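Undergrad: If you're matching positions, the sequence shown starts at 4 in this note's numbering and goes up one per residue.
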Amino acid sequence: MFDEKRALEYIASCDDVEKVRSIARKTNGKYDGIERAALRRVVALESKGTPGTVEYDCWQMILAVEEIRRQVRGRKSPMNRLRPKIEREGERAALEYLALHESDGFREVLEYGLPELSAEAIVIRHGEPTFSAKALRSARERLENAGFDPDQNARN
4 MFDEKRALEY
14 IASCDDVEKV
24 RSIARKTNGK
34 YDGIERAALR
44 RVVALESKGT
54 PGTVEYDCWQ
64 MILAVEEIRR
74 QVRGRKSPMN
84 RLRPKIEREG
94 ERAALEYLAL
104 HESDGFREVL
114 EYGLPELSAE
124 AIVIRHGEPT
134 FSAKALRSAR
144 ERLENAGFDP
154 DQNARN
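#1: By Cβ distance below 8 Å, which residues in the same chain neighbour G36 in space, the five residues on each side in sequence not counted?
#2: Provide the residue span of the alpha helix (DSSP H) that contains D60, from first to last.
#3: Let me make sure I understand the geometry here. Which of R84, L48 and A41 has the alpha-carbon closest to that of I71?
#4: Thinking E99 and E58 are a contact (beta carbons under 8 Å), I'd like their distance in whole angstroms, please.
#5: Can you give the beta carbon distance from A102 to S50, rounded, assuming they're within the 8 Å contact cut?
#6: If you follow the alpha helix (DSSP H) that N83 is part of, which residue opens it and which one closes it?
#7: For the alpha helix (DSSP H) containing H129, name the first residue and the last one.
#8: Look at the alpha carbon of V126 and the alpha carbon of R78, and state the distance between them as a whole number of angstroms.
#9: Ends of the alpha helix (DSSP H) at A149?
#10: Rounded to the nearest angstrom, what separates E21 and A47 at their Cα positions?
#11: To which residues of the same chain is L66 closer than 8 Å at the C-beta, ignoring the five residues directly before and after it?
#12: For the alpha helix (DSSP H) that contains D107, what are its first and last residues?
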């Protein structure tokens with residue numbers, strides 16, 4: 004029998020990304036709480052930058068989408084269009100673009116139950132002057148249309 008409590012405790016204390024992923028795989032889709040905890044731990048361990056910054060939040064979003072895809076598809080699936088955009092233009096420009104253009108990643112984090120990790124929530128969280136008024140309106144509207152409270156989901 005699988006011990007959910009022990010698995011959650013292990014995930015919270017583990018600093019080895021592959022061991023955390025292994026726990027999530029062993030649940031075989033039966034323990035959503037463990038899979039979400041593992042995803043959050045992997046994202047926290049691999050994120051770049053300083054917590055609370057646009058850079059950090061952007062990488063949390065990217066890593067969350069990639070980890071969701073890994074859990075769903077069973078293989079690595081990087082965001083191959085967004086990563087080069089970040090290299091060329093930076094995290095702020097990439098998030099602004101995503102707020103103005105709905106992405107597969109937006110739908111994936113919502114379906115997984117993590118709207119706070121969407122680019123839209125990040126844009127709202129950081130607000131003006133970091134992001135344009137147009138991007139803020141678009142992000143807010145997209146979250147509302149998907150049935151989520153933009154203000155609640157913009158909090159970390």
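Cβ coordinates follow ideal geometry from the N, Cα and C atoms, glycine included. Predicted, not measured: the structure shown is a model, and the values here were computed from it.
TA: For this structure:
#1: In the sequence shown, residue 36 corresponds to position 33, counting from 1. E7 and L11.
#2: What you label residue 60 is simply residue 57 of the sequence shown in a count that begins at 1. Unbroken alpha helix (DSSP H) run through D60: V57 to R76.
#3: One-based indexing of the sequence shown puts residue 71 at position 68. Checked all of R84, L48 and A41; the closest Cα to I71 is A41.
#4: Residue 99 sits at position 96 when you count from the first residue of the sequence shown. Residue 58 sits at position 55 when you count from the first residue of the sequence shown. In fact, because the Cβ distance is near 14 Å, the residues do not count as touching under 8 Å.
#5: As a working note, residue 102 is residue 99 in the sequence shown. As a working note, residue 50 is residue 47 in the sequence shown. Contact between A102 and S50 is absent: CB atoms are separated by about 20 Å, not below the 8 Å threshold.
#6: Residue numbering aside, residue 83 sits at position 80 when the sequence shown is read from its first letter. Looking at the DSSP string, N83 is not in any alpha helix (DSSP H), and its letter there is neither H nor E.
#7: Along the sequence shown, one-based indexing puts residue 129 at 126. Residues A122 to H129.
#8: Taking the first residue of the sequence shown as 1, we reach residue 126 at position 123. Taking the first residue of the sequence shown as 1, we reach residue 78 at position 75. Taking the straight line from one Cα to the other gives about 29 Å.
#9: For this step, residue 149 is matched to residue 146 along the sequence shown. Annotation for A149: no alpha helix (DSSP H) segment contains it, and DSSP assigns it neither H nor E.
#10: Taking the sequence shown and counting its residues from 1, the one referred to as residue 21 is at position 18. Taking the sequence shown and counting its residues from 1, the one referred to as residue 47 is at position 44. If I take the Cα positions, the gap works out to 13 Å.
#11: Here residue 66 corresponds to residue number 63 of the sequence shown, with the count starting at 1. Its chain contains V45, V46, E49 and S50 as the residues whose beta carbon lies nearer than 8 Å to that of L66, once the 5 sequence neighbours on both sides are disregarded; these appear in chain order.
#12: Working through the sequence shown from its first residue, we reach residue 107 at position 104. First-last of the alpha helix (DSSP H) with D107: D107 to Y115.
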